[in-house]
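Protein chains in written order, with this note's numbering: chain Z, 22 to 294; chain Y, 7 to 258. Each residue gets a CB set at the ideal place from its N, CA and C atoms; glycine is no exception. Please read all numbers here as calculations on a predicted model, not as lab measurements.
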């Protein structure tokens, strides 16, 4: 589906490259959580994935096509929900009518369903919506376009509390085996239940790329009253100590605590696999 | 489907651009029409007042005076001025990071996007401007209580665009192309930045009169050819620049 090979990228005049010799392969039917510290290059990686930036070395191929060529057919199968975006000051139904024609698999019924779920209707004027409402409209449109690759940069930023749960529901209902979603986020608690793959980048390198089920098989996450020096990770948190240990064979799988996992990977910089 | 240029996709893109930017376009061309209309109305009013004060002898002499001349100057200044302004809007959708992402991610080829901007801000300027001269002439006719109108669109006469020396047309096209290139280089505050750049270049040219003389000498008898070369060069450079636009701010 999406293949990144030996990718190196640095911004002009920057002392250090954002990525150096990065390799990554994304498979269809998964929701990838792209995690990283501030300035680690999450948004840059999303822009590289959709061809908005050209790598100095290496290649990004989507279904065998070089995304940097920005061919219309490739772009019609990729949708980017950037953190900051601009919607034109037109009526929503007008926006849908004009823009949906560029996406051959656009589903009008699904769009209306997502809008209803987000408590919006098609007669709104985009120029009069709040930022959060605009984000809901944009997310609904992105999901309804049914593109094979959907890239989202901090999608839950600016959404209200019901909006976040509606977003999770809509995302799950929009998933199918031909679709890949990559979500770059800091708000891991908003999305930990929907992600089925975690990718962590830091310092220009890929630190982790694993499915949630593989993590559950290998690691056990718990909240305890006392620290455990023998654990892989043990840090004080609200209500006790967050502990990460290697999972015991045959033991019941625990939910992955993405915050602890991220902290462990980034601070200790150890490859647990 | 053709990945370089598809006429259906171009049509969709053009329609989308016009709908989503209609306020800006109405404002831009509305200001142009408004200024021309107001100025022509003032000219009409002033000429009417002047004629009413004339003696019979002065009136006789006045008939030999070309009444269309003042408006011709107005239309010339408007053509150059507004073509520069509309040219500087050509790449306005690359002004901010947000609008640049929306524009670059749209499923259409770079050539289609370029031609949409070219059609809206460069090609459309001419019929809209000419219609503006018709409206302005009508305003003149009303305020002056009669007079010579529609000379610019007439097929005969010294002011007809069909008779006008092609240097004039190429001069307008040349300025427009320079400002369009400026828009590709500096999408934000493009008009002012291009104006300043041209001013600085003009000042620099004063220090190298011999060099400028030798560059321009071969075009002494065919200034239009030089201007045509500048036009083609500017739009080609704008295309190259546009093709390499990326999302990052630092390159723009």
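Candidates the options: closest to residue i by CA position
i, options, result
"residue 171/Z", "81/Z, 36/Z and 51/Z", "51/Z"
"residue 238/Z", "231/Z, 252/Z, 268/Z and 253/Z", "268/Z"
"residue 260/Z", "253/Z, 246/Z, 251/Z and 273/Z", "246/Z"
"residue 181/Z", "45/Z, 116/Z, 55/Z and 155/Z", "155/Z"
"residue 175/Y", "55/Y, 10/Y, 245/Y and 131/Y", "131/Y"
"residue 149/Y", "129/Y, 120/Y, 108/Y and 43/Y", "43/Y"
"residue 235/Z", "128/Z, 41/Z, 80/Z and 282/Z", "282/Z"
"residue 83/Z", "46/Z, 104/Z, 241/Z and 60/Z", "46/Z"
"residue 36/Y", "218/Y, 200/Y, 228/Y and 141/Y", "141/Y"
"residue 119/Z", "26/Y, 12/Y, 111/Y and 216/Y", "26/Y"
"residue 260/Y", "228/Y, 200/Y, 15/Y and 227/Y", "In the structure displayed, chain Y extends from 7 to 258; residue 260/Y sits before or after that span and is not available."
"residue 25/Z", "210/Z, 242/Z, 227/Z and 142/Z", "227/Z"
"residue 163/Y", "78/Y, 182/Y and 250/Y", "78/Y"
"residue 162/Z", "138/Z, 244/Z, 149/Z and 178/Z", "138/Z"
"residue 8/Y", "234/Y, 75/Y, 246/Y and 115/Y", "115/Y"
"residue 67/Z", "107/Y, 211/Y and 160/Y", "107/Y"
"residue 94/Z", "124/Z, 111/Z and 105/Z", "124/Z"
"residue 35/Z", "225/Z, 58/Z and 257/Z", "225/Z"
"residue 159/Z", "129/Z, 148/Z, 106/Z and 193/Z", "106/Z"
"residue 279/Z", "218/Z, 270/Z, 251/Z and 249/Z", "218/Z"
"residue 204/Y", "188/Y, 228/Y and 98/Y", "188/Y"
"residue 29/Z", "60/Z, 75/Z and 64/Z", "75/Z"
"residue 37/Z", "223/Z, 115/Z, 210/Z and 213/Z", "223/Z"
"residue 230/Z", "27/Z, 39/Z and 53/Z", "53/Z"
"residue 261/Y", "10/Y, 234/Y and 232/Y", "One cannot answer for residue 261/Y here, as it falls past the ends of chain Y, which runs 7 to 258."
"residue 243/Y", "184/Y, 47/Y and 147/Y", "184/Y"
"residue 194/Y", "154/Y, 113/Y, 100/Y and 145/Y", "100/Y"
"residue 238/Y", "177/Y, 97/Y, 153/Y and 105/Y", "177/Y"
Proximity test, Cβ basis, 7 Å: residue i and chain Z
i, result
"residue 262/Y", "Given that chain Y is displayed from residue 7 to residue 258, the structure contains no residue 262/Y and the question cannot be resolved."
"residue 22/Y", "yes"
"residue 253/Y", "yes"
"residue 9/Y", "yes"
"residue 126/Y", "no"
"residue 58/Y", "no"
"residue 233/Y", "no"
"residue 75/Y", "no"
"residue 227/Y", "no"
"residue 258/Y", "Low confidence applies here, because residue 258/Y scores a pLDDT of 37, under 50, leaving its location unreliable; read the following figure in that light. No, no contact with chain Z."
Contact with chain Y by residue i, beta-carbon distance below 7 Å
i, result
"residue 161/Z", "no"
"residue 68/Z", "yes"
"residue 111/Z", "yes"
"residue 26/Z", "no"
For residue i: DSSP bridge partner residues
i, result
"residue 173/Z", "102/Z and 204/Z"
"residue 245/Z", "262/Z"
"residue 86/Z", "83/Z"
"residue 257/Z", "262/Z"
"residue 24/Z", "46/Z and 82/Z"
"residue 40/Z", "30/Z"
"residue 52/Z", "202/Z"
"residue 240/Z", "267/Z"
Secondary structure, beta strand (DSSP E): runs of 3+ residues fully inside the stretch 207-235 of chain Z: 218-223 and 226-232
Interface positions of the stretch 118-140 of chain Z facing chain Y (Cβ-Cβ less than 8 Å), listed along the chain: 119, 120, 122, 123 and 124
Within 7 Å of chain Z by C-beta, residues of the stretch 105-119 of chain Y in sequence order: 105, 107, 108, 110, 111, 112, 113, 114, 115 and 116
Where the stretch 93-109 of chain Z meets chain Y: residues whose CB sits under 7 Å from a CB there: 93, 94, 96, 97, 101, 103, 105, 106, 107 and 109
Contact list for the stretch 70-84 of chain Z against chain Y, Cβ threshold 8 Å: 71, 73, 74 and 75
Minimum length 4: unbroken alpha helix (DSSP H) runs contained in the stretch 104-171 of chain Z: Qualifying alpha helix (DSSP H) stretches, in chain order: 113-120, 129-138 and 152-165.
Residues from the stretch 18-47 of chain Y in contact with chain Z, defined by Cβ distance under 9 Å: 18, 19, 21, 22, 25, 26, 27, 28 and 29
Residues within the stretch 251-271 of chain Z neighbouring chain Y, beta-carbon criterion of under 9 Å: none
Interface residues of the stretch 90-103 of chain Y facing chain Z [CB-CB below 8 Å]: For chain Z, the residues of the stretch 90-103 of chain Y that bring a beta carbon within less than 8 Å of one of its beta carbons are 102 and 103, in chain order.
Within 9 Å of chain Y by C-beta, residues of the stretch 158-183 of chain Z in sequence order: none
Interface residues of the stretch 23-51 of chain Z facing chain Y [CB-CB below 8 Å]: So the list reads 32, 33 and 34, given in the order they occur along the chain.
Residues from the stretch 213-237 of chain Z in contact with chain Y, defined by Cβ distance under 9 Å: none
Length-filtered (4 minimum) alpha helix (DSSP H) runs lying within the stretch 80-166 of chain Y: If we require 4 residues or more, the alpha helix (DSSP H) runs fully inside the stretch 80-166 of chain Y come out as 103-111, 116-124 and 131-150.
Residues of the stretch 273-288 of chain Z whose Cβ lies closer than 8 Å to any Cβ of chain Y, in chain order: Flagged: no residues at all.
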